[in-house]
Amino acid sequence: MTSKVLTIAGSDVSGGAGLEADLKMFEEYGAFGTAAVTCIVTFDPNDGFSHVIEFIDPEVVTRQLESTLAVHTFDAIKSGMLGSVENALVLAEKLKTNELPYVFDPVLVCKGAGTMVDLKDLFVDNLVPLATVITPNLEEAATLASIDPIDSVEGMVEAAKIIHGQGAENVVVKGGARLAGDDAIDILFDGESVTTLRSRKVNEKLVNGAGCSFASSIAAGIATGLSIEDAVVSAKEKVAHGIANCLDNATGVASLFHPAARTQPSPDVRVSVD
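Position 144, counted from 1, in the sequence shown is what our numbering calls 662; the numbers after and before it change by one each time, with no gaps.
So this is what it looks like as structure tokens:
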């Protein structure tokens with residue numbers, strides 16, 4: 519039987535991130551994906567490709583969720599950029615009425631825009647406790663955990679334990695290329711043990727869509743029957759191949775190439791698990 523996954527996210531017209539990335543990753547697992555759109559991100563080529571984010575009316579988001587949840591029976595749900603307090607609350611209410619695995623990518627900043635969205639308290643109160651897996655990057659993890667900026671694996675573990683204490687079942691803190699050193703490091707904390715995932719950094723480029731694709735890959739892995747740890751390892755591998763084969767574009771931030779693990783795997787990608 520074909521697995522089905524729903525993403526609630528923004529649309530990124532560059533194609534590297536947002537719901538466009540999510541749907542591509544779902545298909546890499548042979549899963550059927552649908553999307554509810556929370557906002558539309560566009561770029562101004564006459565102003566250094568600055569971002570413009572237009573939020574979808576919460577009533578429209580509600581109708582999208584009610585429609586797709588009535589049409590399909592899903593195996594997992596993933597959320598990305600929600601963009602507004604109202605949209606986050608709409609999602610929280612819908613999640614409370616089902617017990618589907620929920621992968622929460624707590625987007626607080628739009629890469630390239632550099633603006634933090636003031637959703638921290640709402641996330642902690644309403645969405646973190648519902649998460650089967652939450653996938654903050656270093657900045658998001660520090661914000662959610664209310665700790666100093668994270669610059670070490672020890673800091674990642676500290677943040678993961680705090681966020682787990684806020685109610686998330688499993689916490690993946692993404693160090694990726696932002697952590698100093700030769701390795702891209704992520705950690706998984708399940709409430710009992712810490713699992714460290716390492717892979718060599720394949721390039722120094724800033725890549726759009728890595729975080730979105732990591733979370734959506736985890737969701738698709740869970741939907742298709744993988745354990746949490748196996749889904750996280752699979753996601754790291756697929757995203758690393760996508761980064762190694764990323765596509766340059768006019769914005770200056772490269773686009774992740776989602777099918778790379780299948781179509782042109784990089785010999786430099788190796789994921790180790792401790």
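The C-beta atom is built at its ideal place from N, Cα and C for all residues, glycine as well.
Close-in-space but distant-in-sequence residues of the same chain around residue i (CB under 8 Å, 5 per side omitted)
i, result
"residue 784", "720, 758, 759, 762, 763, 778"
"residue 597", "525, 526, 527, 609, 620, 621, 622, 623, 645"
Proximity to residue i [Cα-Cα], best of the options
i, options, result
"residue 575", "566, 596, 606", "606"
"residue 652", "788, 750, 550, 553", "750"
"residue 771", "529, 672, 787, 535", "535"
"residue 537", "558, 650, 609", "558"
"residue 648", "579, 577, 594", "594"
"residue 729", "753, 526, 591", "753"
"residue 693", "702, 687, 686, 644", "702"
"residue 553", "713, 742, 530", "530"
"residue 583", "611, 666, 519", "611"
"residue 704", "673, 665, 767", "673"
"residue 683", "662, 742, 699, 737", "662"
"residue 668", "599, 689, 744, 698", "698"
"residue 616", "650, 599, 604", "650"
Element boundaries [alpha helix (DSSP H), containing residue i]
i, result
"residue 588", "576 to 589"
"residue 681", "671 to 683"
"residue 540", "536 to 546"
"residue 658", "656 to 663"
"residue 617", "No alpha helix (DSSP H) contains residue 617, which DSSP labels as neither H nor E."
Contacts around residue i, its chain only, beta-carbon distance under 7 Å, and the 5 residues preceding and following it disregarded
i, result
"residue 776", "539, 542, 543, 546, 731, 760"
"residue 629", "Annotation note: pLDDT 47 at residue 629 (below 50); position unreliable, no value reported."
"residue 780", "546"
"residue 791", "713, 715, 751"
"residue 658", "624, 626"
"residue 787", "717, 720, 755, 758, 759, 762"
"residue 782", "763"
Beta-carbon proximity list for residue i, same chain, < 6 Å, skipping 5 on both sides
i, result
"residue 631", "The pLDDT assigned to residue 631 is 46, lower than 50, so where the model puts this residue is not dependable; a value taken from the coordinates is nonetheless given after this. Around residue 631: 569."
"residue 551", "523, 541, 544"
"residue 567", "561, 769"
"residue 580", "608"
heavy atom of the ligand COA below 8 Å from residue i C-beta
i, result
"residue 645", "Looking for the ligand COA in the displayed structure turns up nothing, as the structure carries no ligands at all."
Extent of the continuous beta strand (DSSP E) to which residue i belongs
i, result
"residue 744", "Unbroken run through residue 744: none, as it is neither H nor E."
"residue 594", "594 to 597"
### Query
Fully enclosed by the stretch 754 to 789, which alpha helix (DSSP H) runs are 4 residues long or longer?
778 to 781
### Query
Which parts of the stretch 685 to 738 are runs of the beta strand (DSSP E), unbroken and 3 residues or longer, counting only runs that do not cross its ends?
688 to 694, 701 to 707, 712 to 718
### Message
I'd like to know if the stretch 652 to 666 and the stretch 677 to 686 are in contact, where contact means that at least 3 CB-CB pairs between them fall below 8 Å.
### Response
yes
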